[in-house]
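Engineer: One structure, as structure tokens, below. Some questions next.
Residue numbers (this note's numbering): 194 to 438.
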């Protein structure tokens, strides 16, 4: 307000000086009208600003909040190495990236569910195949007898087919294990753990005999099939071999 009064005072002084000059030269009368108009406009503008300031509610808490927001904006701009004016654009860019990551996570979840569905379907299919293979092994009794004869009079042979989903691979999820019992009353156990060298030779002979019966073979040569086989045990082995011809 002091500046307003000072300006109006200067205009008032200038008008009086201009009046004295007009007495000497009437051409300056136009300037006097301009000063009068300027004085009126400045006075009206001052009144409007005063009324505007009176109507404003300058809440100190609101001012403090605005200062805090400006401070955070400047701090964020420094953190992300951008100007404060670029923060809105950066914010939108980060939102777009977040949406893209969320979409990728959703796609990954859908893919995971699809993979699990395929694995479960494959497990069911493999389980059915395992049951069919196990049934086939039980039904194919003559081949079992061939192996049992290769062992001895009391020997037993069995093909154990089990479904083990934890071992699922491109080759399936069935575990096939050859089990033998070489003594009376002895339970069937894995061949690799309990069979002796001679028993392995006899079982290998039985496999050759069975293979020869399943395939058309002009000639079959038994090479060292009697390793570990001697005595009366041989009587249980040679008849199947002789029957091939």
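Cβ atoms here follow ideal geometry from the backbone N, Cα and C, with glycine treated the same way.
(1) Do you know how far the Cα of residue 366 is from the Cα of residue 312?
(2) By Cβ distance below 6 Å, which residues in the same chain neighbour residue 240 in space, the five residues on each side in sequence not counted?
(3) Given residue 316, which residues of its chain have a CB within under 6 Å of its CB, disregarding the five upstream and five downstream residues?
(4) Can you name the residues that DSSP bridges to residue 368?
(5) In whole angstroms, give me the CA-to-CA distance for residue 221 and residue 248.
(6) Go ahead and pull the three-state DSSP assignment for residue 206.
(7) Under a three-way DSSP split, which group does residue 379 fall into?
(8) Name the residue from 231, 350, 295 and 270 whose alpha carbon lies nearest to the alpha carbon of residue 377.
(9) Helix, strand or coil for residue 362? Go by DSSP, reduced to three states.
(10) How about residue 280 and residue 261: are their beta carbons less than 8 Å apart?
(11) When the Cα atoms are used, what is the spatial distance from residue 245 to residue 215?
(12) Does residue 374 come out as helix, strand or coil in the three-state DSSP assignment?
(13) For residue 211, which residues of its own chain have a beta-carbon under 7 Å away from its beta-carbon, when the five flanking residues on both sides are left out?
(14) Could you please give me the residues that DSSP links to residue 349 through a beta bridge?
(15) If you draw a straight line from the alpha carbon of residue 219 to that of residue 255, how long is it in whole angstroms?
(16) Please report the Cβ distance between residue 201 and residue 233, rounded to the nearest whole angstrom; I am assuming they are in contact, meaning their Cβ atoms lie under 8 Å.
(17) Check each candidate in 364, 361 and 392 and name the one with the smallest Cα separation from residue 373.
(18) Can you grab the Cα-Cα spacing for the pair residue 243 / residue 257, in whole Å?
(19) Straight-line CA distance for residue 403 to residue 389?
Structural biologist: The short version:
(1) Reading the chain shown from its first residue, position 119 is the one you call residue 312. Reading the chain shown from its first residue, position 173 is the one you call residue 366. For the pair residue 312 and residue 366, the Cα-to-Cα distance works out to about 11 Å.
(2) Your numbering for residue 240 matches position 47 in the chain shown. Excluding sequence positions up to five before and after residue 240, its CB lies less than 6 Å from no other CB in the same chain.
(3) On the chain shown, position 123 is the one that residue 316 refers to. Annotation for residue 316: 358 place their beta carbon closer than 6 Å to its own, counting only its chain and skipping 5 residues before and after.
(4) Sequence index remark: in the chain shown, residue 368 carries index 175 (1-based). DSSP, once it has assigned bridges, lists 355 as partnering residue 368.
(5) For the purposes of this step, residue 221 is taken as residue 28 along the chain shown, with counting starting at 1. For the purposes of this step, residue 248 is taken as residue 55 along the chain shown, with counting starting at 1. Looking at the two C-alpha atoms, the distance is approximately 42 Å.
(6) The sequence position of residue 206 within the chain shown is 13, counting from 1. The DSSP-derived three-state label of residue 206 is helix.
(7) Start at 1 with the first residue of the chain shown, and residue 379 comes out as number 186. Here residue 379 sits in coil by DSSP.
(8) Position 184 of the chain shown, counting from 1, holds the residue named residue 377. Closest option to residue 377, Cα to Cα, is 350.
(9) Start at 1 with the first residue of the chain shown, and residue 362 comes out as number 169. When DSSP states are grouped into helix, strand and coil, residue 362 belongs to the strand group.
(10) Here residue 280 refers to the residue found at position 87 of the chain shown. Here residue 261 refers to the residue found at position 68 of the chain shown. Against a cut-off of 8 Å, the Cβ pair of residue 261 and residue 280 comes out as no contact.
(11) Position 52 of the chain shown, counted from the start, is the residue given in the question as residue 245. Position 22 of the chain shown, counted from the start, is the residue given in the question as residue 215. In a straight line, the C-alpha of residue 245 is about 39 Å away from that of residue 215.
(12) The residue you call residue 374 lines up with position 181 of the chain shown. Reduced to three states, the DSSP call for residue 374 is strand.
(13) Taking the chain shown and counting its residues from 1, the one referred to as residue 211 is at position 18. Counting only residues of its own chain and dropping the five nearest sequence neighbours on each side, residue 211 has a CB closer than 7 Å to the CB of 221, 224, 225 and 228.
(14) As a position in the chain shown, residue 349 is number 156, starting the count at 1. As computed with DSSP, residue 349 is found in a beta bridge with 374.
(15) Position 26 of the chain shown, counting from 1, holds the residue named residue 219. Position 62 of the chain shown, counting from 1, holds the residue named residue 255. A straight-line Cα-Cα distance of about 57 Å links residue 219 and residue 255.
(16) Position 8 of the chain shown holds residue 201. Position 40 of the chain shown holds residue 233. For residue 201 against residue 233, the beta-carbon gap comes to about 10 Å, at or over 8 Å, which does not count as contact.
(17) The residue labelled residue 373 in the question sits at position 180 within the chain shown. Of 364, 361 and 392, the smallest CA-CA separation from residue 373 is found for 392.
(18) Here residue 243 refers to the residue found at position 50 of the chain shown. Here residue 257 refers to the residue found at position 64 of the chain shown. Approximately 24 Å between the Cα atoms of the pair.
(19) Residue 403 sits at position 210 when you count from the first residue of the chain shown. Residue 389 sits at position 196 when you count from the first residue of the chain shown. Cα to Cα, the separation comes out at about 21 Å.
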